[in-house]
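Residue numbers for the sequence shown follow this note's numbering, so the first one is 18 and each next one is one higher.
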Amino acid sequence: MSTFLMEEMPAEPSIAQAGPGASRDAFATASAPPRAPSESSTLWTRSFLGLLATQFLGAVNDNMFRWLVVPICKELVGTEKAAAALSAGLACFVLPYLLLAAPAGYLADRFSKRSVIVGCKVAEIVIMALGIATILIGDIYLMFVVVAMMGAQSALFSPSKMGSIPEMVHPRLLSAANGWMGLVTVAAIVVGSVAGNLLFGHTGPTGIHHWWLSAVALVGVAVAGLLTSLPIARLQAANPSRTFPLNFAWQVVRDMGVLASDRALLR
Numbered sequence: 018m019s020t021f022l023m024e025e026m027p028a029e030p031s032i033a034q035a036g037p038g039a040s041r042d043a044f045a046t047a048s049a050p051p052r053a054p055s056e057s058s059t060l061w062t063r064s065f066l067g068l069l070a071t072q073f074l075g076a077v078n079d080n081m082f083r084w085l086v087v088p089i090c091k092e093l094v095g096t097e098k099a100a101a102a103l104s105a106g107l108a109c110f111v112l113p114y115l116l117l118a119a120p121a122g123y124l125a126d127r128f129s130k131r132s133v134i135v136g137c138k139v140a141e142i143v144i145m146a147l148g149i150a151t152i153l154i155g156d157i158y159l160m161f162v163v164v165a166m167m168g169a170q171s172a173l174f175s176p177s178k179m180g181s182i183p184e185m186v187h188p189r190l191l192s193a194a195n196g197w198m199g200l201v202t203v204a205a206i207v208v209g210s211v212a213g214n215l216l217f218g219h220t221g222p223t224g225i226h227h228w229w230l231s232a233v234a235l236v237g238v239a240v241a242g243l244l245t246s247l248p249i250a251r252l253q254a255a256n257p258s259r260t261f262p263l264n265f266a267w268q269v270v271r272d273m274g275v276l277a278s279d280r281a282l283l284r
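Here's what the structure looks like:
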């Protein structure tokens with residue numbers, strides 16, 4: 018989820034892109050996941066279909082919001098300051114992936130991944146509503162705050178999303194499941210980009226004209242994403258006794274050092 022400020026940002030990171038330090042903490046449950054009671058030999062379970070739909074709608078919203086707000090922010094800051102604003106927005110979105118890698122892994126281990134997914138979708142509704150408010154106010158600094166919130170929501174969502182796949186599908190179907198996850202993400206990027214540009218065309222240079230169209234689209238898709246997350250079966254917590262990593266900031270520094278020292282991993 019982002020703004021103009023995310024013009025050069027990649028779409029939602031995959032398990033391999035979730036950020037430095039995520040390999041040990043954010044995705045710690047992937048190696049030996051507890052199996053969901055409803056796991057079957059077929060890929061198309063209610064849980065996996067719900068996860069796919071949730072991912073699709075979330076990625077649609079991310080890109081729809083981005084391509085609605087990109088031209089709006091260009092109008093607000095002007096051409097001369099556009100590059101600086103983009104850099105600031107990029108930092109606001111990316112930093113949560115670094116700072117929240119360990120807390121995100123803690124949530125994915127300590128609680129049921131389904132609970133984390135549903136909670137993140139509730140947060141998405143609130144963030145989208147705040148995003149509409151920033152468009153109406155026209156304050157780019159408030160947009161930076163919303164961008165940071167969007168980055169935090171995505172950072173907390175990704176480990177539970179990707180870590181839940183091995184818990185709900187048969188091991189021999191993992192490659193197919195990951196492939197479908199990537200496919201729906203790419204499709205959502207296309208749909209969201211087109212929808213965002215259409216919204217901008219109907220709401221004017223500042224997004225205020227017929228702003229309710231943007232509100233209905235963004236908040237509506239977020240609500241739909243919450244509804245599609247509900248059919249996901251409750252997954253057993255991987256490590257209910259895990260304690261919160263109070264030194265997560267230092268852990269980020271340590272993991273960055275490990276990443277830098279491993280040339281193969283760095284590539």
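Ideal Cβ placement from N, Cα and C applies to all residues, glycine included.
This one's a predicted model, so the numbers in the text were calculated from it and none came from an experiment.
Less than 9 Å separating the beta-carbons of residue i and residue j?
i: residue 71; j: residue 202; result: no
i: residue 248; j: residue 127; result: no
i: residue 8; j: residue 270; result: Here the chain covers residues 18 to 284 and nothing more, so residue 8 does not appear.
i: residue 60; j: residue 194; result: yes
i: residue 252; j: residue 58; result: no
i: residue 131; j: residue 232; result: no
Going by C-alpha distance, which of the options is nearest residue i?
i: residue 106; options: 76, 61, 163; result: 163
i: residue 123; options: 197, 273, 254, 165; result: 254
i: residue 174; options: 227, 243, 138; result: 138
i: residue 222; options: 251, 242, 152; result: 152
i: residue 147; options: 273, 165, 259, 134; result: 165
i: residue 135; options: 170, 154, 118, 115; result: 170
i: residue 209; options: 64, 65, 60, 81; result: 81
i: residue 205; options: 78, 104, 58, 61; result: 78
Report the three-state DSSP secondary structure of residue i (helix, strand or coil).
i: residue 61; result: coil
i: residue 223; result: coil
i: residue 186; result: coil
i: residue 48; result: Note that residue 48 has pLDDT 41, beneath the 50 cutoff, so the model's placement of it is unreliable and the number below is only indicative. It is coil, neither helix nor strand.
i: residue 132; result: helix
i: residue 24; result: Note that residue 24 has pLDDT 48, beneath the 50 cutoff, so the model's placement of it is unreliable and no number is given.
i: residue 276; result: helix
i: residue 156; result: coil
i: residue 80; result: helix
i: residue 105; result: helix
i: residue 258; result: coil
i: residue 212; result: helix
i: residue 91; result: helix
i: residue 141; result: helix
i: residue 98; result: coil
i: residue 149; result: helix
i: residue 41; result: Any answer about residue 41 is weak, because its pLDDT of 42 lies below 50 and its placement is not dependable; what the coordinates show is given next. If DSSP states are grouped into helix, strand and coil, residue 41 belongs with coil.
If contacts are defined as beta-carbon pairs under 8 Å, then residue i and residue j qualify, I think. What distance do you get, rounded to the angstrom?
i: residue 7; j: residue 262; result: Nothing about residue 7 can be read from this structure; the chain reaches only from 18 to 284.
i: residue 100; j: residue 157; result: Residue 100 to residue 157, Cβ: 14 Å. No contact.
i: residue 168; j: residue 111; result: 7 Å
i: residue 186; j: residue 65; result: 6 Å
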